[in-house]
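The block underneath contains the structure these notes are about, expressed in structure tokens.
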Amino acid sequence: MSKSLPLMLRHAMYNLRGGFLIRPLTIALVLGCAGAFLSWLEEDFPAISAWVPTVLFPSHADAQVAQVILAGIAASIMTVVSIVFAILLMTLTLASMQFSPRIIVSFSRDRVTQWTLGIFLGTFSYCMAALPAARSLPHPFAPVATVLGAMVLALACVGLLLFFIHHISQAISVNHIVDRIAEETEAMIDEIMPSPHRLNRLKHAEPLRPNPIEMAVASDVSGYIRFVDTRRLVALAKHYHVTIRVLRRVGHFVPAGIPLLMISKGNRLPPEGTAELLAAFDFGPTRTLQQDVEFGVLQIVDIALKAISPAVNDPTTAINCIDQLSRILIRFASREPPEDLLYDPPGIVRASIGWIHFERLLEAAFEQIRMYSKTDVAVSLRLLRALVDIAASTPDPEFRRILVEYGMRIVAGCAEKLGEEELRRLRARQAALVSFTTISEP
-15 MSKSLPLMLR
-5 HAMYNLRGGF
5 LIRPLTIALV
15 LGCAGAFLSW
25 LEEDFPAISA
35 WVPTVLFPSH
45 ADAQVAQVIL
55 AGIAASIMTV
65 VSIVFAILLM
75 TLTLASMQFS
85 PRIIVSFSRD
95 RVTQWTLGIF
105 LGTFSYCMAA
115 LPAARSLPHP
125 FAPVATVLGA
135 MVLALACVGL
145 LLFFIHHISQ
155 AISVNHIVDR
165 IAEETEAMID
175 EIMPSPHRLN
185 RLKHAEPLRP
195 NPIEMAVASD
205 VSGYIRFVDT
215 RRLVALAKHY
225 HVTIRVLRRV
235 GHFVPAGIPL
245 LMISKGNRLP
255 PEGTAELLAA
265 FDFGPTRTLQ
275 QDVEFGVLQI
285 VDIALKAISP
295 AVNDPTTAIN
305 CIDQLSRILI
315 RFASREPPED
325 LLYDPPGIVR
335 ASIGWIHFER
345 LLEAAFEQIR
355 MYSKTDVAVS
365 LRLLRALVDI
375 AASTPDPEFR
385 RILVEYGMRI
395 VAGCAEKLGE
405 EELRRLRARQ
415 AALVSFTTIS
425 EP
């Protein structure tokens, strides 16, 4: 299945921002080419070497000195690179075991780490590319300006190493990890839901009803749906004069051979049209933060569940996770969700695609924490406080009703495990939540 060009470009940009391959490799190649070009330019234009003050490089014509400096910097940098990789792998292992394997994605997208690896590898490439230019025979030549550039890069690497160690010591903090995940999730919400929430909006349209003459289109690959090119789907539906019903939403796992689309008037769809429709979907072995809001929530939930487990018993971390989850839900509730029905032109339905809604996201954020914290008063109180904060941030009466009902579930679950004094505190917090529905009533 070949992806459409916009989807391929988006996938390439996502890989550029995430992972330890593309950005560090690009920086290394750029600096390597810079070393080769500068040494060639300096050899063709000797006046460049004359600009370098003698105090910075006394041995202007000594090629052996230039060779020793370049080779020494290259060898030293490779030693430091091995240390950086060791620190990085230790951090990833610790984060995976201590918090959750899902957060590895967040660490791999860290720009400081990517730039650190890129500049260290780029300094090595720079020295190796410039080293052949420094020669004693047959015509002695010392690329003075190039060597000076290598020395500047080496000094920059020293400062960058100190900053990297400082950054890693902060990045491994659980509060920093959770805050970064929440920030990335909020940025993604703003991208896919740019419009503010409207109280007078129409209710979500009913999904398209099954048509007896629909044709099923099965997925030809197995994986999680990471991104759906809705514009491409609508354009194809308009081109082939069909209506598309997407059966799985972003974040769902689709095994190969399982129906992914239902096409009305499928007799109009040529064989190549099926491949074009499937090319509008991006599948992968893991979920990503491209369109999947729930994935960002689940990363934080994993950390909270491990924190309240009997083996760890760290309610403070769980409370911090609840605070960040409420932050995400407040941002989600303040935005207008994507439309389930896509039209082109207006009035003609071209596609139906499901998106996660507020009630489902609320359950994904708090349900597992609620189940495992029935005996923890502090965590249960913070759950109710989070519901109060969300209710205070949204004027939507439907959202407030959902929040009140969920607060009742929290108190009912704790009633079986807690004493009367603890329940009194929970009911007081629940009463504050119920007051918002009273205020919103006409």
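Position one of the sequence shown corresponds to residue -15 (our numbering), numbered consecutively onward.
For each residue, glycine too, the CB sits at the ideal point set by N, CA and C.
Should Ser248 go down as buried or exposed, given a rule of 16 or more other Cβ atoms within 10 Å for buried?
-> Label assigned to Ser248: buried.
Below 8 angstroms between beta carbons: does that hold for Leu368 and Gly391?
-> Result yes, Cβ atoms of Leu368 and Gly391 sit closer than 8 angstroms.
Simplified DSSP assignment, three categories, for Met(-3) = Under the three-state reduction of DSSP, Met(-3) is assigned to helix.
Touching or not, the segment 265 to 274 and the segment 147 to 164, by the rule of three or more beta carbon pairs under 8 angstroms?
-> Proximity of the segment 265 to 274 to the segment 147 to 164 falls short of the contact definition, fewer than three beta-carbon pairs being nearer than 8 angstroms.
Going by DSSP, which residues form a beta bridge with Met246?
-> Ala200 and Arg229.
Starting from Arg334, follow the alpha helix (DSSP H) in both directions and report where the run begins and ends.
-> No alpha helix (DSSP H) contains Arg334, which is instead part of the beta strand (DSSP E) from Val333 to Ser336.
Out of Cys141, Ser80 and Ile374, which has the shortest C-alpha to C-alpha gap to Thr107?
-> Comparing Cα-Cα distances from Thr107 to each of Cys141, Ser80 and Ile374, the minimum goes to Cys141.
From Lys187 to Asp94, what distance separates their C-alpha atoms?
-> No answer about Lys187 holds up, because its pLDDT of 48 lies below 50 and its placement is not dependable.
Taking the alpha-carbon positions, what's the Leu144 to Thr100 distance?
-> Rounded to the nearest whole angstrom, the C-alpha separation of Leu144 and Thr100 is 7 angstroms.
According to the Cβ coordinates, are Ala317 and His181 closer than 8 angstroms?
-> Cβ distance < 8 angstroms, so Ala317 and His181 count as in contact.
Under three-state DSSP, which class holds Asp94?
-> Asp94 falls in the coil class under three-state DSSP.
Would you report the Cα separation of Ile312 and Pro299, rounded to the nearest angstrom?
-> When only Cα atoms are considered, Ile312 and Pro299 end up about 20 angstroms apart.
So what does DSSP say about Ile209, is it helix, strand or coil?
-> DSSP places Ile209 within a strand segment (E or B) once states are collapsed to three.
How is Arg271 classed by DSSP in three states: helix, strand or coil?
-> Correct three-state label for Arg271: coil.
Simplified DSSP state of Arg409, which is helix, strand or coil = Arg409: helix per DSSP, three-state reduction.
Label Ile67 either buried or exposed according to how many other C-beta atoms from any shown protein chain fall within 10 Å of its C-beta, with 16 as the threshold for buried.
-> With fewer than 16 other beta carbons inside 10 angstroms of its own, Ile67 counts as exposed.
Start-end ranges of the beta strand (DSSP E) lying completely within the segment 132 to 163, minimum 3 residues | Within the segment 132 to 163, no complete beta strand (DSSP E) run reaches 3 residues.
Less than 8 angstroms between the CB atoms is what I'm expecting for Ala245 and Val234, so what's the real figure, rounded?
-> Looking at the sequence itself, residue 245 is Leu, so the reference to Ala does not match. That belief does not hold up - the Cβ atoms of Leu245 and Val234 are roughly 14 angstroms apart, past 8 angstroms.
Give the secondary structure of Asp266 by DSSP, where H, G and I count as helix, E and B as strand, and everything else as coil.
-> Here Asp266 sits in strand by DSSP.
What number of angstroms, rounded off, separates the C-alpha of Ala12 from the C-alpha of Ile103?
-> So the alpha carbons of these two residues sit roughly 7 angstroms apart.
6 angstroms CB neighbourhood of Thr359 in its chain, flanking five on each side removed | Closer than 6 angstroms at Cβ, skipping near neighbours: Lys401.
Could you check what DSSP says for Phe4 in three-state terms: helix, strand or coil?
-> Three-state result, Phe4: coil.
If you run the structure through DSSP and keep just helix, strand and coil, what is Pro426?
-> Since pLDDT at Pro426 reaches only 42, below the 50 mark, its modelled position is unreliable, and no value is offered.
Of all the options Ala263, Glu198, Met172 and Leu220, which has the alpha carbon lying nearest to the alpha carbon of Val212?
-> Comparing Cα-Cα distances from Val212 to each of Ala263, Glu198, Met172 and Leu220, the minimum goes to Ala263.
Can the beta-carbon of Ala375 be found closer than 8 angstroms to that of Val281?
-> For Ala375 and Val281, no; Cβs fall outside 8 angstroms.
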